[in-house]
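Note sheet for the following structure.
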Amino acid sequence: MRPLKSNYCQMSSETRFIIVILALITAINYGNAQTNAATAGRNGVTGSREKAEMLFPGGKTKALILSFDDGMVADRRLVRLMNEYGLIGTFHLNSNKLGTKDYLTKEEIKVVYKGHEVSAHTANHPNLTNISKAAVLFEVGEDRRELERLSENLVRGMAYPFGNCNDSVIEIIRGLGIEYARTVEDTYAFGIPGEFLKWNPTIHQFGKAYFTPDNPENDKKELAGFYQVVNRFLKTDSLALMDVWGHSWENDGAGNRWTEMENFFKMVSGNPDIYYTTQIGLVDYINAFKNLKFSVDKSMVTNLSSISVFVKMKGKAFNIEAGSTRHLD
Ligand SMILES: [Zn+2]
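Oh and the sequence shown: position 69 is 68 in numbering that gives the first Met the number 0, straight run, nothing missing.
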């Protein structure tokens, strides 16, 4: 048999017409095949196409962050109490104030905060939105450098002094290698922060409105509101992050606040459903989750990070071990 001419340009117009029709039919069939595969995938025949949802380490659904600012001497007592209850915290420190009245000394930073996160809060605690760009660079860069020297650990996050930031400040701190920055805008909610450099916490310790003067009647209402939020967190079944922030020195104010702090620690400690973490610990975990690589049909996943990541797919929890690839079935 004579081989068919392969040169398209030399074919008769009828032959060209037939080839175009055949190509169209093939394309339509291929499309249907793809659609069928996709449908099968959704039905779990060739692997799930459902979205992987993040779970916290160990497959937990709750995470707790406790973050305290300024590094004053009352941190010694606060950290001792946290250690007693097996809680970890993030401490945002002003390195130029260390060693001055009512602040910790530089020498004790490494010892006091052992096992906790040391984080930046600027060298001198200025309002970053009121100073020059050069001053922001110094305040954050110098704080980071000095705290890394004192803690002998990397400092990768911060809390804004007075909670104040703007786009210019954010751009500068990003350039300085800061990976998250906490504000003082309480959300009273348990969402995962969308923007790490504008990290709004859940609630101030004991629900106090920021820097409002003490008033026994108000304090009582705020405290009741605080425990409502804590109980809501403890009862929820959804993925929830509670981020409580404040200052150890507030506990030295009127009332039995150290006893109250211990009550709160008792309520939230030793809970098998809670992932206890620092702020940078959660940032690293979320980044590891975001960097998971899925196969086209979502039946396989690779975790390139050094952290094991837990995901939920089709109602099942999977542990994707660090540096591994596994089937999701
Ligand atoms: Zn502060």
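Think of the CB as a built atom: it goes at the ideal place given N, C-alpha and C, for glycine as much as any other residue. None of the values given here were measured: they were computed from a predicted structure.
At the level of alpha carbons, what is the spacing between residue i and residue j?
i    : j    : result
L92  : G70  : 5 Å
E52  : V228 : 24 Å
D242 : F264 : 13 Å
L175 : G280 : 19 Å
S150 : E116 : 9 Å
N250 : D185 : 19 Å
N129 : E170 : 15 Å
T25  : V300 : Confidence in T25 is poor, its pLDDT being 40 and thus under 50, which makes the residue's placement unreliable; the coordinate value appears in the next sentence. One C-alpha to the other measures close to 32 Å.
F225 : I202 : 8 Å
K220 : S305 : 45 Å
K313 : P56  : 18 Å
N199 : Q278 : 12 Å
F90  : S294 : 40 Å
N82  : K100 : 25 Å
N35  : L327 : In this prediction, N35 has a pLDDT of 34, which is less than 50 and means its spatial position is unreliable; what the coordinates show is noted afterwards. Answer to the nearest angstrom: the Cα atoms are 21 Å apart.
N318 : G252 : 45 Å
K132 : A188 : 33 Å
P215 : V183 : 23 Å
R173 : S66  : 20 Å
R144 : D68  : 18 Å
I64  : E141 : 26 Å
F16  : L54  : Here the model assigns F16 a pLDDT of 41, short of 50, so the residue's position is not dependable, and the following value carries that caveat. Near 56 Å, if we compare the C-alpha coordinates of L54 and F16.
K315 : D296 : 17 Å
I273 : V111 : 24 Å
K50  : E138 : 42 Å
N31  : M266 : For N31, the predicted structure reports a pLDDT of 38, less than 50, and the residue's modelled location is therefore unreliable. The matter cannot be settled from this model.
Mind checking whether residue i and residue j have CB atoms under 9 Å apart?
i    : j    : result
W244 : L80  : no
A180 : A158 : yes
G193 : I177 : no
L240 : A62  : yes
Y329 : I87  : Residue numbering for the chain in the displayed model covers 0 to 328; residue 329 lies beyond these limits and cannot be assessed.
R75  : L97  : no
F309 : K59  : yes
G85  : S307 : no
F195 : V282 : yes
Based on Cα-Cα distance, which residue from the options lies nearest to residue i?
i    : options                : result
E259 : N214, A223, Q278       : A223
N165 : A134, K197, E138, G252 : K197
F288 : V168, D328, E320       : E320
K113 : F67, N214, F205, V78   : V78
N163 : L146, F317, V308, V135 : V135
L238 : N262, N255, T277, K311 : K311
R325 : G314, K313, S298, F195 : S298
Between residue i and residue j, how many whole angstroms is the CB-CB distance? I'm expecting something under 8 Å.
i    : j    : result
T211 : P160 : The Cβ separation is near 18 Å, so there is no contact.
N126 : N95  : Contact flag wrong, Cβ pair sits at about 15 Å.
D218 : G254 : 7 Å
R154 : A119 : Before going on, a small fix: residue 154 reads as Val here, not Arg. Yes, they are in contact, since the Cβ atoms of V154 and A119 sit about 5 Å apart, within 8 Å.
G322 : L303 : 7 Å
So, at 7 Å on beta carbons, what are the nonlocal neighbours of residue i in its own chain, with the 5 sequence-adjacent residues on each side left out?
i    : result
K109 : L149, S150, E151
A73  : S247, W248, N250, D251
E261 : L80
D213 : G252, A253
Report all residues from its chain with a CB closer than 8 Å to the CB of residue i; omit the five preceding and five following residues, and keep chain order.
i    : result
L146 : L92, S94, I108, V117, S118, A119, V154
N270 : K61, L233
Can you name, in chain order, every residue of its own chain whose Cβ lies under 6 Å from the Cβ of residue i, other than the five neighbours on each side?
i    : result
T235 : none
N286 : none
N230 : none
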